[in-house]
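Chemist:
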Amino acid sequence: DHPELARGLFLGLVVAALFVPISMVGRYWRPPYVAAAAIAAAAVFLLTGVPPTQLTPTPAVIVLAAAVAVSALVLPGVSGSFMLLTIGLYEPTLSALNSRDLGYLAWFAAGLAIGLASFVKALQWLLEHRRYATLAVLTGVMAGAARALWPWQDADRHLLAPGDN
Numbered sequence: 628d629h630p631e632l633a634r635g636l637f638l639g640l641v642v643a644a645l646f647v648p649i650s651m652v653g654r655y656w657r658p659p660y661v662a663a664a665a666i667a668a669a670a671v672f673l674l675t676g677v678p679p680t681q682l683t684p685t686p687a688v689i690v691l692a693a694a695v696a697v698s699a700l701v702l703p704g705v706s707g708s709f710m711l712l713t714i715g716l717y718e719p720t721l722s723a724l725n726s727r728d729l730g731y732l733a734w735f736a737a738g739l740a741i742g743l744a745s746f747v748k749a750l751q752w753l754l755e756h757r758r759y760a761t762l763a764v765l766t767g768v769m770a771g772a773a774r775a776l777w778p779w780q781d782a783d784r785h786l787l788a789p790g791d792n
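Just add 627 to the spot in the sequence shown (first one is 1) and you have this note's numbering.
1. Starting from the C-beta of Val-671, find all residues in its chain whose C-beta is less than 6 Å away, skip the five residues before and the five after it, and write them out in chain order.
2. Just the Cα atoms here: how many angstroms apart are Ser-726 and Ala-733?
3. Between which two residues does the alpha helix (DSSP H) carrying His-756 extend?
4. I need the straight-line Cα distance from Met-651 to Ala-644, nearest angstrom please.
5. Go ahead and label Gln-780 buried or exposed: buried means 16 or more other beta carbons lie within 10 angstroms of its beta carbon, across all protein chains shown.
6. Restricting to Cα atoms, I'd like to know which of Ile-649, Ala-692, Ala-723 is closest to Thr-766.
7. Pairs of beta-carbons, one from the region 734 to 743 and one from the region 683 to 691, closer than 8 Å: are there three or more?
8. Report back the beta-carbon spacing between Ala-694 and Gly-738 to the nearest angstrom; my notes put them in contact at under 8 Å.
9. Starting from Thr-713, follow the alpha helix (DSSP H) in both directions and report where the run begins and ends.
10. Tell me which residue opens and which closes the alpha helix (DSSP H) that Tyr-660 is part of.
11. Compute the distance between the beta-carbons of Val-701 and Phe-746, then report whether it is under 8 Å.
12. Compare the beta carbon distance of Leu-699 and Met-710 with 8 Å and say whether it is the shorter of the two.
13. Assuming contact is defined by CB atoms lying nearer than 8 Å, are Pro-658 and Pro-684 in contact in what I supplied?
14. For Leu-776, collect the residues of the same chain with a Cβ closer than 7 Å to its Cβ; drop the 5 residues on either side in sequence, then sort them by chain order.
15. Leu-743: which of Leu-632, Ala-692, Ala-760, Pro-630 sits nearest, CA to CA?
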């Protein structure tokens with residue numbers, strides 16, 4: 628009933644959560660890390676502004692979408708549902724769940740497993756070998772993803788001023 632209030636609440640939570648990776652980098656913030664965070668923030672800000680699309684759910688598209696969606700779940704501030712909405716597979720996935728379309732769900736589960744295994748491994752490696760750079764990029768991702776939670780936006784994700792919708 629109150630989408631602006633819900634998005635505003637989650638926006639506040641994400642902005643407050645930015646303190647965690649910022650403080651984890653702490654005194655190691657250097658110009659390259661600031662630049663990496665800014666580039667990541669700008670890229671994610673632009674990506675979250677892309678209007679939703681609709682793709683035909685072929686097995687390859689389903690697997691790729693599931694891998695992207697589960698990867699988004701691992702990242703703070705990014706929603707797997709939002710990624711599915713952007714790709715255009717949110718409704719088909721819900722429909723497959725409701726109708727118990729085991730073929731679709733099997734492809735989706737395969738994509739989830741592939742995406743989770745590969746993304747978690749990659750993130751572990753990055754945190755072990757490039758900890759501060761990775762945390763800086765994650766800070767940027769969180770900051771840029773906050774755009775999706777702006778309380779006042781239209782159906783095509785154009786940002787509005789308070790009271791303009």
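Glycine included, every Cβ here is placed at the ideal spot set by N, Cα and C.
Modeler: In this structure, then:
1. Counting only Cβ-Cβ distances below 6 Å, and skipping sequence neighbours, we find Val-768, Gly-771, Ala-772.
2. One C-alpha to the other measures close to 13 Å.
3. That run of the alpha helix (DSSP H) goes 729 to 756.
4. Rounded to whole angstroms, Met-651 to Ala-644 spans 12 Å at the Cα level.
5. The residue in question, Gln-780, is buried, as its Cβ has 16 or more Cβ neighbours within 10 Å.
6. Taking only the C-alpha atoms, the option nearest Thr-766 is Ile-649.
7. Counting Cβ pairs under 8 Å, three or more are found: they touch.
8. Yes, they are in contact, since the Cβ atoms of Ala-694 and Gly-738 sit about 5 Å apart, within 8 Å.
9. Its alpha helix (DSSP H) spans residues 707 to 714.
10. It spans 658 to 674 - the alpha helix (DSSP H) in which Tyr-660 sits, taken as one unbroken run.
11. For the 8 Å CB-CB criterion, Val-701 and Phe-746 form a contact.
12. Reading the sequence as shown, one finds Ala at residue 699 and not Leu. Yes, the Cβ-Cβ distance between Ala-699 and Met-710 is below 8 Å.
13. Annotated as distal: Pro-658 and Pro-684, with beta-carbon spacing of 8 Å or more.
14. The residues are Arg-634, Phe-637, Leu-638, Val-641.
15. Answer by Cα proximity: Ala-692.
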